[in-house]
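Visitor: The sequence shown begins at 748 in the numbering used here and counts up by one.
Quick one: the structure is below, and I'll ask about it shortly.
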Amino acid sequence: MSLLKIDNIHVYYGAIHAIKGVSFEVNEGEIVTLIGANGAGKSTTLNTVSGLIKPRSGNVLFEDKSLLKVHTSKVVSHGMALCPEGRRIFQQMTVKENLEMGGYTRPDKEIPDSIEEMFTRFPRLKEREKQIAGTLSGGEQQMLAMARALMSKPKLLMLDEPSMGLAPILVEQIFEIIKELHEAGVTILLVEQNAQMALSIADRAYVLETGKISMSGNADELLHNDAVQKAYLGS
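Below is the structure:
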């Protein structure tokens, strides 16, 4: 079943035509990744899906309902959560307070159990429960950003460059967590510059070039595609 459908969206920044007729879909239970070079339009596409940017034309459908007239603040309550580029955690709050903020759309009585669920999934955060989030390491901050997004119990988790700025060993840890989330039934839309890692865990993939989708298909096939290897995998 198609959970998310992006239909021919066009996005402008002033006179700049940033996204040019992009269409794709994410089916329930999949990991779908958008890969491409810096400036290809990956984050703009994700921000359009999450309602932070409104397209000039086209449509964003979630569970067959258009989100174009849904206020950005209400998108989470529809079942979508964004883990943004650069993590954007609340730096001056504790780890636990960040998680509480992530659950703001949920009934208060459900929050404690959800926090414990996140601490089980991310044991490192349990150890840092009372620590100010801005003092965490980069990898810990990424875990916190993901856990905060999961607090809303989303039907679709959107991850924007989760490996950015992390050491290779931490990148592997984050991607292991993404795989575990997928195995637990979370549908994921992943935007990632590390094409090798993204394609190795995704079901399907779309390649963005200068605001257009240039290729799409089975992620494993794209991983072994000569053009993709030459452009994005350094081989």
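C-beta atoms are modelled at their ideal positions from N, C-alpha and C, and glycine is treated no differently.
Which one of E968, M944, A949, V975 has the shortest CA to CA distance from L955?
Guide: Position 208 of the sequence shown holds residue 955. Looking at the Cα atoms, V975 is the closest of the given residues.
Visitor: Tell me which residues share the same chain as E832 and place their Cβ nearer than 7 Å to its Cβ, disregarding the 5 neighbours each side in the sequence.
Guide: Walking along the sequence shown from the start, residue 832 turns up at place 85. Contacts found: S790, D907, E908, M911.
Visitor: Contact defined as beta carbons within less than 8 Å: I believe A966 pairs with T780. What is the distance between those atoms, to the nearest angstrom?
Guide: As a first step, residue 966 is located in the sequence shown; it is residue number 219 there, counting from the start. As a first step, residue 780 is located in the sequence shown; it is residue number 33 there, counting from the start. Rounded, the Cβ-Cβ distance is 7 Å, consistent with contact.
Visitor: Could you name the residues that DSSP lists as bridge partners for V779?
Guide: By one-based count along the sequence shown, residue 779 stands at place 32. DSSP, once it has assigned bridges, lists L936, R951 as partnering V779.
Visitor: Figure out for me which residue from E939, H929, S824 has the closest Cα to the Cα of M898.
Guide: Numbered from its first residue, the sequence shown carries residue 898 at position 151. Of the listed residues, the one whose Cα sits closest to M898 is S824.
Visitor: Rounded to whole angstroms, what's the CA-CA distance from R803 to T934? Just pull it up for me.
Guide: Position 56 of the sequence shown, counted from the start, is the residue given in the question as residue 803. Position 187 of the sequence shown, counted from the start, is the residue given in the question as residue 934. Roughly 27 Å separates the two Cα atoms.
Visitor: In whole angstroms, what is the alpha-carbon distance linking K900 and G826?
Guide: Working through the sequence shown from its first residue, we reach residue 900 at position 153. Working through the sequence shown from its first residue, we reach residue 826 at position 79. Those two C-alpha atoms are separated by around 7 Å.
Visitor: In angstroms, rounded to a whole number, what distance separates the CA positions of C830 and D973?
Guide: The residue labelled residue 830 in the question sits at position 83 within the sequence shown. The residue labelled residue 973 in the question sits at position 226 within the sequence shown. Going by the C-alpha atoms only, they are around 31 Å apart.
Visitor: Once the 5 residues before and after L948 are set aside, which same chain residues still bring their CB inside 7 Å of it?
Guide: Residue numbering aside, residue 948 sits at position 201 when the sequence shown is read from its first letter. Here residue 948 is Ile; the residue named in the question, Leu, does not match the sequence. Counting only Cβ-Cβ distances below 7 Å, and skipping sequence neighbours, we find I778, F922, I925, K926.
Visitor: Within the continuous beta strand (DSSP E) that includes F771, where are the two ends?
Guide: Here residue 771 corresponds to residue number 24 of the sequence shown, with the count starting at 1. From DSSP, the beta strand (DSSP E) with F771 extends over 763-774.
Visitor: Below 6 Å CB to CB, which residues in the same chain sit around D754 once its five sequence neighbours on both sides are set aside?
Guide: As a position in the sequence shown, residue 754 is number 7, starting the count at 1. The answer, listed in chain order, is S770, G805, N806.
Visitor: By Cβ distance, which residues of its chain are closer than 6 Å to S732, with the 5 residues on each side in sequence left out?
Guide: With the chain running from 748 to 982 in the structure shown, residue 732 is simply not present.
Visitor: Rounded to a whole number of angstroms, what is the C-alpha to C-alpha distance between A762 and A978?
Guide: In the sequence shown, counting from the first residue as 1, residue 762 sits at position 15. In the sequence shown, counting from the first residue as 1, residue 978 sits at position 231. Using only the alpha carbons, I get a separation of about 28 Å.
Visitor: Looking only at DSSP bridge pairs, what is S963 linked to?
Guide: Stepping through the sequence shown from its first residue, residue 963 is reached at position 216. According to DSSP, which records beta bridges pairwise, S963 is partnered with Y953.
Visitor: Is the beta carbon of A896 less than 8 Å from the beta carbon of L904?
Guide: Within the sequence shown, numbered from 1, the residue matching residue 896 stands at position 149. Within the sequence shown, numbered from 1, the residue matching residue 904 stands at position 157. A contact, by the Cβ cut-off of 8 Å.
Visitor: Taking the alpha carbon of E775 as the reference point, which residue from V822, H929, G958 has its own alpha carbon closest?
Guide: Mapped onto the sequence shown, residue 775 falls at position 28. The candidate whose alpha carbon is nearest that of E775 is H929.
Visitor: From R835 to E810, what does the alpha carbon distance come to, in whole angstroms?
Guide: Counting from 1 along the sequence shown, the entry for residue 835 is found at position 88. Counting from 1 along the sequence shown, the entry for residue 810 is found at position 63. Distance between the alpha carbons of R835 and E810: 27 Å.
Visitor: Distance check for Q940 and M783, CA to CA, integer angstroms please.
Guide: Position 36 of the sequence shown holds residue 783. Position 193 of the sequence shown holds residue 940. Just to set this straight, residue 783 is Gly in the shown sequence, not Met. Cα to Cα, G783 sits roughly 6 Å from Q940.
Visitor: Less than 8 Å between the CB atoms is what I'm expecting for M865 and A894, so what's the real figure, rounded?
Guide: The residue labelled residue 865 in the question sits at position 118 within the sequence shown. The residue labelled residue 894 in the question sits at position 147 within the sequence shown. Rounded, the Cβ-Cβ distance is 4 Å, consistent with contact.
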